[in-house]
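A.B. asks:
Protein chains: 4
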Amino acid sequence: MSWNSFGRVLRFTTWGESHGPALGAVVDGCPPGLDLDEQQIQPFLDARRPGQSKYTTQRKEPDRVKILSGAFEGRTTGTPISLMIENTDQRSKDYSEIAQTYRPGHADYAYDAKYGFRDYRGGGRSSARETAARVAAGAVARLVIPEVSITAYVCELGGDAIDRDAINLSEIGNNPFFCPDAWAAKRWEALVDEARKNGSSLGAVVECVATGVRAGWGAPIYAKLDADIAAGMMGINAVKGVEIGDGFAAARLSGEENADAMRPGEDGPEFAANHAGGTAGGISTGQPVVCRVAFKPTSSILTPVPSITRDGEAADVRTKGRHDPCVGIRGVPVVEAMMALVLADHKLLHRAQCGG
Amino acid sequence: MSWNSFGRVLRFTTWGESHGPALGAVVDGCPPGLDLDEQQIQPFLDARRPGQSKYTTQRKEPDRVKILSGAFEGRTTGTPISLMIENTDQRSKDYSEIAQTYRPGHADYAYDAKYGFRDYRGGGRSSARETAARVAAGAVARLVIPEVSITAYVCELGGDAIDRDAINLSEIGNNPFFCPDAWAAKRWEALVDEARKNGSSLGAVVECVATGVRAGWGAPIYAKLDADIAAGMMGINAVKGVEIGDGFAAARLSGEENADAMRPGEDGPEFAANHAGGTAGGISTGQPVVCRVAFKPTSSILTPVPSITRDGEAADVRTKGRHDPCVGIRGVPVVEAMMALVLADHKLLHRAQCGG
Amino acid sequence: MSWNSFGRVLRFTTWGESHGPALGAVVDGCPPGLDLDEQQIQPFLDARRPGQSKYTTQRKEPDRVKILSGAFEGRTTGTPISLMIENTDQRSKDYSEIAQTYRPGHADYAYDAKYGFRDYRGGGRSSARETAARVAAGAVARLVIPEVSITAYVCELGGDAIDRDAINLSEIGNNPFFCPDAWAAKRWEALVDEARKNGSSLGAVVECVATGVRAGWGAPIYAKLDADIAAGMMGINAVKGVEIGDGFAAARLSGEENADAMRPGEDGPEFAANHAGGTAGGISTGQPVVCRVAFKPTSSILTPVPSITRDGEAADVRTKGRHDPCVGIRGVPVVEAMMALVLADHKLLHRAQCGG
Amino acid sequence: MSWNSFGRVLRFTTWGESHGPALGAVVDGCPPGLDLDEQQIQPFLDARRPGQSKYTTQRKEPDRVKILSGAFEGRTTGTPISLMIENTDQRSKDYSEIAQTYRPGHADYAYDAKYGFRDYRGGGRSSARETAARVAAGAVARLVIPEVSITAYVCELGGDAIDRDAINLSEIGNNPFFCPDAWAAKRWEALVDEARKNGSSLGAVVECVATGVRAGWGAPIYAKLDADIAAGMMGINAVKGVEIGDGFAAARLSGEENADAMRPGEDGPEFAANHAGGTAGGISTGQPVVCRVAFKPTSSILTPVPSITRDGEAADVRTKGRHDPCVGIRGVPVVEAMMALVLADHKLLHRAQCGG
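Chains as they are written, first to last, in UniProt numbering: chain D, 1 to 356; chain F, 1 to 356; chain W, 1 to 356; chain V, 1 to 356.
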């Protein structure tokens with residue numbers, strides 16, 4: 001039940017702060033015999049890596065992962081896999097302001113209220129850099145579910161949604177926004193650019209689709225696939241909402257509209273729709289598992305916001321320094337990683353109880 | 001990590017099927033010395049109880065709770081509290097149709113795909129009757145957090161939202177919809193009545209507000225208060241979405257709009273707004289903790305929906321029998337219970353690590 | 001991580017006090033499709049049942065188990081199995097003495113020190129009656145490992161050990177001591193009779209052997225089969241020691257003496273000895289899994305022992321009433337149950353990670 | 001429930017293999033604000049360090065610990081503490097023999113049976129080097145319980161026990177055996193020397209005493225202090241038995257002999273004896289918590305033992321290379337560490353449920 005661990009059978013723990021020497025993850029319970037070396041993890045870290053375009057933070061981190069245990073001669077051994085990523089661009093700067101003043105929307109005040117003090121350098125443990133460790137862990141999880149294909153993308157940025165009819169997954173890599181709609185990507189360039197120049201920030205919605213999930217993963221009642229996805233996604237920095245399938249929109253449909261009719265198929269039922277997002281009663285149905293995740297706008301903005309100091313004095317805060325104008329963008333690889341981790345865990349859980 | 005348990009320090013397990021002899025919950029880790037007898041649990045079960053108006057299922061269940069352990073001379077002892085609710089209105093009927101045919105939107109097919117067979121009577125373990133056990137457990141959790149006040153209500157039904165300026169919490173008990181807006185409640189009567197008459201169903205959104213939560217509960221990274229709330233709520237039957245604070249709407253705000261400015265207060269900061277819903281970095285800030293939960297429309301409808309039989313043959317399904325035209329309504333006490341369970345657990349967790 | 005639960009994938013929770021209305025267990029994670037009805041559980045409860053000879057407590061309890069959930073048409077469904085045993089012989093008596101005075105060797109003082117007060121009736125939660133719930137859970141666990149045969153017996157009573165050359169497992173049921181050596185059983189009659197008449201009590205050592213455990217169950221490091229067996233056994237009332245294989249005697253052997261030589265066999269290695277007790281590195285080797293469990297003498301004795309009252313006054317305690325002169329005897333079915341629960345759990349755990 | 005984690009609230013996970021680049025531990029749930037730097041951990045690692053006398057393995061490892069996260073300005077922050085120890089003396093040698101042949105008593109065969117293959121270099125994950133990570137974690141745990149004093153020592157080696165009347169804790173550091181009896185230490189020199197020269201090995205019993213544990217830590221039923229100590233100790237390499245208090249000897253006492261009489265004291269009861277080893281009903285009584293741990297003789301010996309190869313062929317095994325003639329000796333700091341980890345965890349658990 002530790003606080004920095006996630007998962008039931010395939011369980012991982014992350015550690016590390018933004019400005020400490022390193023951060024990492026320990027992945028426990030991974031099946032033995034899977035091909036694993038750094039090259040299988042690195043591409044996912046590269047996708048999340050900062051400083052790749054002007055639309056993300058300018059912190060430069062190579063984010064090179066090292067495997068410290070759990071693999072031998074290129075294969076997983078079944079023992080814990082320790083992954084480490086060294087911090088290299090911990091820009092030495094004066095943190096006195098951030099140390100003494102609470103940045104609104106950040107965890108500064110909450111950490112102090114809880115722990116009495118905090119590692120204030122770059123947000124410490126609450127920094128989005130922690131997600132690098134999850135992305136590394138997620139790359140291991142993918143090895144457990146080779147039959148599943150997971151793709152996430154930004155489907156809405158600053159309130160501007162993609163055209164669902166224009167979704168082309170091969171576009172995702174062609175723009176700096178993980179956007180599957182080329183036209184929307186164009187519009188977002190202007191949006192993010194303006195936010196960046198104004199020192200403002202934008203929110204985003206990330207959608208994630210997992211195909212190839214067989215029917216039967218998940219479990220009643222508190223281990224529903226939906227519940228674990230919700231927990232995993234809501235644990236990502238800046239996330240404030242999670243939907244499965246139609247989510248909140250389903251609450252506006254009638255029972256007839258929301259019904260996913262079935263008809264006999266080759267291989268289990270064929271469904272006429274997927275309002276449910278691939279689960280029923282918390283268990284996968286064989287349809288694509290679909291979730292959407294809402295990222296709030298980055299809390300770090302140049303506009304001064306009234307706040308208080310540690311001593312309880314009034315103080316306006318203006319967050320200088322490097323930051324993402326829209327944290328949702330780099331959230332895409334993190335959402336994918338969490339989906340992989342949940343599904344891999346449930347594959348093993350299902351095998352434990354039901355075999356096969 | 002069991003599948004039917006929830007919580008970390010205050011941990012509960014539920015058991016039972018819709019048409020078995022009983023259902024119940026075991027609550028473990030409850031502090032000793034709290035006043036507890038059946039009378040403190042029963043009102044919450046009564047609020048959830050079916051058959052109280054024509055807008056909910058006509059199943060008649062007294063839902064009388066019995067405390068089988070963990071209390072002595074009217075006080076909790078610190079040992080596990082076993083709560084049992086006997087099923088009495090297990091109407092004897094012919095289940096042959098439901099046994100052989102998968103009801104779309106229900107867990108029938110998924111359970112069979114997972115377990116190879118299922119207790120089909122009334123949905124078995126996937127029946128919303130299970131939530132009675134959580135409501136009972138939630139009543140115990142409330143004893144752990146007497147300083148916290150938790151109120152949930154339906155804020156949208158069938159796509160018709162309440163007027164936020166008209167919210168009057170004292171109205172919640174005056175209508176069969178747990179609606180805090182008297183005018184909306186009037187409109188919903190017609191809406192639900194029509195759905196009921198047509199054998200259709202409606203979705204709903206439930207909002208839950210917890211006041212009195214001190215700053216400092218919650219924890220990084222995977223035990224964020226937000227993550228546990230999301231997991232708890234998403235584990236409720238028919239729930240497809242969860243938001244904290246502004247949730248998905250926050251993704252459409254700019255950083256300036258979304259900032260919750262602080263100024264010095266008597267007792268910690270005073271906040272100018274609560275877009276964040278009472279948490280930062282997964283830890284409570286002292287503001288009200290606010291979440292919203294989307295319930296899909298009841299899957300049981302009278303309109304025939306194409307489906308398949310266990311043998312893979314095509315078959316139209318029309319769900320006769322007793323059902324809620326809008327399961328979101330009776331979800332209100334369940335949402336409150338899950339909020340109480342999460343907060344009570346985090347109060348104890350915080351005390352474990354940080355004292356106080 | 002709840003305090004009254006045990007197991008990782010096959011996880012059970014027990015609840016109940018000696019003099020409450022009932023006690024029970026919830027078994028979660030059981031594979032679906034196993035034949036289960038009360039008749040499969042009852043024989044194990046009958047073996048543990050008190051009042052069957054003059055050598056055990058005279059409390060009369062039918063210990064009838066009821067299955068409240070998790071089985072349908074005689075088979076497990078994969079959902080939690082709720083088992084309940086009603087208390088019937090809660091002899092109404094005056095507990096004022098035990099309520100005010102701490103019985104040495106009992107948990108009275110420790111419970112008060114922890115919880116501030118306690119359910120003093122018959123020991124409350126710390127009563128050995130709780131083990132009835134484990135025995136019921138253990139009967140379910142046995143269904144998960146039909147290929148494994150588990151037999152426990154008393155191998156030493158009041159310091160008088162069985163003759164290992166005289167072990168005959170078919171003798172176990174022929175005497176009231178679960179003793180596999182007919183001559184020792186004879187001697188023990190006199191021993192226990194004398195202790196009973198003197199109001200004294202005796203300790204015992206229970207040995208448990210599980211055959212049919214395939215190589216490969218268990219896991220590094222903190223989930224070693226040995227570690228889980230140790231935890232399970234040490235959680236039984238009155239147990240003060242646990243050994244795997246030669247245990248403490250192994251500490252007196254040389255490396256040569258302790259080596260379990262192997263030679264090629266039909267089906268994996270054949271071992272020349274089993275000093276290790278069936279595990280290496282915490283993982284089963286295919287040899288019989290062997291443990292020994294030390295039960296202290298029953299703390300309830302008629303000889304007055306100096307003690308204190310709740311108010312801190314000196315008071316001699318003489319425990320009247322019904323009690324087992326040697327709790328180790330009725331510990332035999334409990335040890336078997338815990339072994340079954342650990343092995344069944346590890347079978348499923350192994351399947352989760354390694355398949356097959 | 002991960003396999004390489006231990007603890008409930010203060011939970012740690014270890015990772016690493018004997019011949020990988022490093023090994024380490026992540027300690028989660030540690031209270032904030034405790035003074036922590038490498039200097040507080042290093043002495044415990046130094047005590048466990050190999051190569052310090054001719055009576056332990058000649059592998060030379062500086063075992064320098066690095067704190068990678070969870071501390072800031074010399075204090076714990078409440079976030080996970082990542083500890084890493086680099087392996088430096090991974091002697092490059094030919095492992096072809098050990099790779100192909102199973103060493104009796106080692107985990108070689110069991111690992112292969114479980115995982116299908118293994119990291120055979122130096123025992124991989126099953127190497128006693130893993131215990132360095134626990135010792136580091138234990139040093140952190142000690143910070144949580146400054147009021148508790150934990151001392152372990154070898155009380156029996158090769159069957160030769162110390163004289164209990166000659167115990168002098170200040171002698172422990174004066175000999176290479178952690179022996180509190182100077183005369184016994186003298187005798188053991190000859191014993192171990194002979195074993196070492198003959199390529200044989202010896203077992204040992206380690207006793208651990210924790211004073212300053214207040215009454216009330218621990219919990220029913222499966223989280224008994226005794227059960228967690230048993231699990232923790234039995235998870236140490238080469239351990240085959242655990243006792244609390246008198247342990248197996250208690251099974252040979254009468255109820256009168258085993259009774260720990262109480263009389264009124266200044267500060268709770270004073271006890272006339274401590275047969276129970278400081279617990280009752282799984283909860284501490286305020287007496288010293290005492291356990292004894294049996295270590296088998298090192299399995300690596302020079303005498304050839306019949307075994308088999310991976311291909312199932314017969315092969316005699318003679319374990320060359322560096323090894324401890326008695327692993328129990330270096331087990332002393334590991335036993336202390338596990339005791340600290342269990343007690344610290346239960347202190348926090350107690351605070352969670354009962355405050356104070």
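Even for Gly, the Cβ is constructed at its ideal location relative to N, Cα and C.
Taking any Cβ of chain F, which residues in the segment 4 to 25 of chain D have a Cβ under 7 Å from it, in chain order?
C.D. replies: Cβ contacts with chain F come from Asn4, Ser5, Phe6, Arg8, Thr14.
A.B. asks: With burial defined as no fewer than 16 other Cβ atoms inside 10 Å of the residue's Cβ, what is the status of Trp3 (chain W): buried or exposed?
C.D. replies: Taking the first residue of the third sequence as 1, we reach residue 3 (chain W) at position 3. With 16 or more other Cβ atoms within 10 Å, it is buried.
A.B. asks: List the residues of chain D that Gly312 (chain F) touches, going by C-beta distances under 7 Å, in chain order.
C.D. replies: Locating residue 312 (chain F) in the second sequence gives position 312, where the first residue counts as 1. Going along chain D in sequence order, the residues near Gly312 (chain F) (Cβ under 7 Å) are Pro264.
A.B. asks: Between which two residues does the beta strand (DSSP E) carrying Val290 (chain W) extend?
C.D. replies: In the third sequence, the residue the question calls residue 290 (chain W) occupies position 290. From DSSP, the beta strand (DSSP E) with Val290 (chain W) extends over 289 to 295.
A.B. asks: I'd like to check one pair, Gly282 (chain V) with Gly218 (chain V): are the Cβ atoms closer than 8 Å?
C.D. replies: As a working mapping, residue 218 (chain V) is identified with position 218 in the fourth sequence. As a working mapping, residue 282 (chain V) is identified with position 282 in the fourth sequence. Yes, the Cβ-Cβ distance between Gly218 (chain V) and Gly282 (chain V) is below 8 Å.
A.B. asks: Which same chain residues, not among the five before or five after Glu86 (chain D), have their C-beta less than 6 Å away from its C-beta?
C.D. replies: Taking the first residue of the first sequence as position 1, residue 86 (chain D) is located at position 86. The answer, listed in chain order, is Ala22.
A.B. asks: Between the Cα of Ala132 (chain D) and those of D:Ala223, D:Glu61, D:Ala261, spot the shortest distance and give me the residue it belongs to.
C.D. replies: Position 132 of the first sequence, counting from 1, holds the residue named residue 132 (chain D). With distances taken between Cα atoms, Ala132 (chain D) lies closest to D:Glu61.
A.B. asks: Determine, using beta carbons only, whether Thr79 (chain V) comes closer than 8 Å to chain F.
C.D. replies: Translated into positions along the fourth sequence, residue 79 (chain V) becomes position 79. With 8 Å as the cut-off, Thr79 (chain V) counts as an interface residue toward chain F.
A.B. asks: What residues in the segment 134 to 158 of chain V bring their beta carbon closer than 8 Å to a beta carbon of chain W?
C.D. replies: So the list reads Glu156, Gly158, given in the order they occur along the chain.
A.B. asks: Under 8 Å: do the segment 284 to 299 of chain V and the segment 313 to 329 of chain V share three or more Cβ pairs, one atom per stretch?
C.D. replies: Yes: the two stretches touch, three or more of their Cβ pairs being nearer than 8 Å.
A.B. asks: Cα-Cα, which of W:Glu266, W:Ser69, W:Val206 is closest to Ser126 (chain F)?
C.D. replies: In the second sequence, counting from the first residue as 1, residue 126 (chain F) sits at position 126. Checking every option, the nearest Cα to that of Ser126 (chain F) belongs to W:Ser69.
A.B. asks: Just curious, the beta strand (DSSP E) that Trp3 (chain W) is in, first and last residue?
C.D. replies: The residue you call residue 3 (chain W) lines up with position 3 of the third sequence. Run containing Trp3 (chain W): none; DSSP gives neither H nor E here.
A.B. asks: Near Arg59 (chain F), which residues of its chain fall below 7 Å by C-beta distance, leaving aside the five closest residues on each side in sequence?
C.D. replies: The count along the second sequence starts at 1 and reaches residue 59 (chain F) at position 59. Cβ within range, chain order: Pro50, Gly51, Asp89, Arg322.
A.B. asks: Helix, strand or coil: how does DSSP classify Arg318 (chain V) here?
C.D. replies: Numbered from 1 along the fourth sequence, position 318 holds the residue referred to as residue 318 (chain V). Residue state, collapsed to three classes: coil.
A.B. asks: Since I believe Arg351 (chain F) is in contact with Ala352 (chain V) (beta carbons under 8 Å), could you give me their beta-carbon distance rounded to a whole number of angstroms?
C.D. replies: Translated into the one-based positions of the fourth sequence, residue 352 (chain V) becomes position 352. Translated into the one-based positions of the second sequence, residue 351 (chain F) becomes position 351. Contact flag correct, Cβ pair sits at about 5 Å.
A.B. asks: For the beta strand (DSSP E) containing Ala166 (chain D), name the first residue and the last one.
C.D. replies: What you label residue 166 (chain D) is simply residue 166 of the first sequence in a count that begins at 1. Looking at the DSSP string, Ala166 (chain D) is not in any beta strand (DSSP E), and its letter there is neither H nor E.
A.B. asks: So, for Val334 (chain V): in the same chain, excluding its five sequence neighbours on each side, which residues have a beta-carbon less than 7 Å away from its beta-carbon?
C.D. replies: If you number the fourth sequence from 1, residue 334 (chain V) lands on position 334. Arg48, Thr131, Arg134, Val135, Ile236, listed in sequence order.
A.B. asks: For a contact meaning CB atoms closer than 9 Å, what does Phe72 (chain W) contact in chain F?
C.D. replies: What you label residue 72 (chain W) is simply residue 72 of the third sequence in a count that begins at 1. In chain order: Glu17, Gly20, Phe117, Arg118, Asp119, Tyr120, Arg121, Gly124.
A.B. asks: Given a threshold of 16 other Cβ atoms within 10 Å of its Cβ, counted over all protein chains shown, does Lys320 (chain D) qualify as buried or as exposed?
C.D. replies: Translated into the one-based positions of the first sequence, residue 320 (chain D) becomes position 320. With fewer than 16 Cβ atoms within 10 Å of its Cβ, Lys320 (chain D) is classed as exposed.
A.B. asks: At the 8 Å Cβ level, is Gly29 (chain F) part of the contact set with chain V, yes or no?
C.D. replies: Taking the second sequence and counting its residues from 1, the one referred to as residue 29 (chain F) is at position 29. Cβ-Cβ to chain V under 8 Å: yes for Gly29 (chain F).
A.B. asks: Within the continuous beta strand (DSSP E) that includes Tyr153 (chain W), where are the two ends?
C.D. replies: For the purposes of this step, residue 153 (chain W) is taken as the residue at position 153 of the third sequence. First-last of the beta strand (DSSP E) with Tyr153 (chain W): 149 to 157.
A.B. asks: Any idea what DSSP makes of Trp183 (chain V), helix, strand or coil?
C.D. replies: Against the fourth sequence, residue 183 (chain V) aligns to sequence position 183. In the structure shown, Trp183 (chain V) sits in a helix (DSSP, three-state: H, G or I).
A.B. asks: First and last residue of the alpha helix (DSSP H) that includes Ala139 (chain D)?
C.D. replies: Locating residue 139 (chain D) in the first sequence gives position 139, where the first residue counts as 1. 130 to 144 is the span of the alpha helix (DSSP H), which, as asked, contains Ala139 (chain D).
A.B. asks: Where Arg263 (chain F) and Ile308 (chain D) are concerned, what is the direct C-alpha to C-alpha distance, given to the nearest angstrom?
C.D. replies: For the purposes of this step, residue 263 (chain F) is taken as residue 263 along the second sequence, with counting starting at 1. For the purposes of this step, residue 308 (chain D) is taken as residue 308 along the first sequence, with counting starting at 1. In a straight line, the C-alpha of Arg263 (chain F) is about 6 Å away from that of Ile308 (chain D).
A.B. asks: Which residue's Cα is closest to the Cα of Ala223 (chain D): W:Lys224, W:His19, W:Arg64, W:Asp28?
C.D. replies: Locating residue 223 (chain D) in the first sequence gives position 223, counting from the first residue. Closest by alpha carbon: W:Asp28.
A.B. asks: Please name the residue, chosen from W:Thr279, W:Tyr115, W:Gly158, W:Glu38, that lies closest to residue 380 (chain W) on a Cα-to-Cα basis.
C.D. replies: The requested residue 380 (chain W) does not occur in the structure, where chain W is confined to residues 1 to 356.
A.B. asks: Of the choices D:Ala110, D:Ile41, D:Gly124, whose alpha-carbon is the least far from that of Met84 (chain D)?
C.D. replies: Within the first sequence, numbered from 1, the residue matching residue 84 (chain D) stands at position 84. That would be D:Ile41, whose Cα lies nearest to the Cα of Met84 (chain D).
A.B. asks: Which residue from W:Ala190, W:Val192, W:Arg142, W:Ala204 puts its Cα closest to that of Thr161 (chain W)?
C.D. replies: Along the third sequence, one-based indexing puts residue 161 (chain W) at 161. The question names Thr, yet the displayed sequence has Ala at residue 161 (chain W). The residue with the shortest Cα to Cα distance from Ala161 (chain W) is W:Ala204.
A.B. asks: Which stretch, first to last residue, makes up the beta strand (DSSP E) that contains Ile236 (chain F)?
C.D. replies: As a position in the second sequence, residue 236 (chain F) is number 236, starting the count at 1. Ile236 (chain F) -> no beta strand (DSSP E), and no H or E assigned at all.
A.B. asks: For Arg121 (chain V), count neighbouring C-beta atoms within 10 Å of its own C-beta (all shown protein chains included) and say buried if the count is 16 or more, exposed if not.
C.D. replies: For the purposes of this step, residue 121 (chain V) is taken as the residue at position 121 of the fourth sequence. It is buried - the Cβ of Arg121 (chain V) has at least 16 other Cβ atoms within 10 Å.
A.B. asks: Pick helix, strand or coil for Glu266 (chain F), following the three-state DSSP scheme.
C.D. replies: Against the second sequence, residue 266 (chain F) aligns to sequence position 266. Here Glu266 (chain F) sits in coil by DSSP.
A.B. asks: Quick one: using the 10 Å Cβ neighbour count with 16 as the cut-off for buried, is Gly20 (chain F) buried or exposed?
C.D. replies: Counting from one through the second sequence, the residue named residue 20 (chain F) turns up at place 20. So Gly20 (chain F) counts as buried.
A.B. asks: State the Cα-Cα distance for the pair Val192 (chain D) and Ser300 (chain D), rounded to the nearest angstrom.
C.D. replies: Start at 1 with the first residue of the first sequence, and residue 192 (chain D) comes out as number 192. Start at 1 with the first residue of the first sequence, and residue 300 (chain D) comes out as number 300. Cα to Cα, the separation comes out at about 14 Å.
A.B. asks: What is the rounded straight-line gap between the Cα of Gly199 (chain F) and the Cα of Gly124 (chain F)?
C.D. replies: Counted from its first residue, the second sequence places residue 199 (chain F) at position 199. Counted from its first residue, the second sequence places residue 124 (chain F) at position 124. So the two alpha carbons sit approximately 22 Å from each other.
A.B. asks: CA-CA distance, Pro32 (chain W) and Glu156 (chain F)?
C.D. replies: Within the third sequence, the letter at position 32 stands for residue 32 (chain W). Within the second sequence, the letter at position 156 stands for residue 156 (chain F). Those two C-alpha atoms are separated by around 39 Å.
A.B. asks: Under 8 Å between the Cβ atoms of Gly241 (chain V) and Glu243 (chain W)?
C.D. replies: Locating residue 241 (chain V) in the fourth sequence gives position 241, counting from the first residue. Locating residue 243 (chain W) in the third sequence gives position 243, counting from the first residue. Taking 8 Å as the Cβ cut-off, Gly241 (chain V) and Glu243 (chain W) qualify as a contacting pair.
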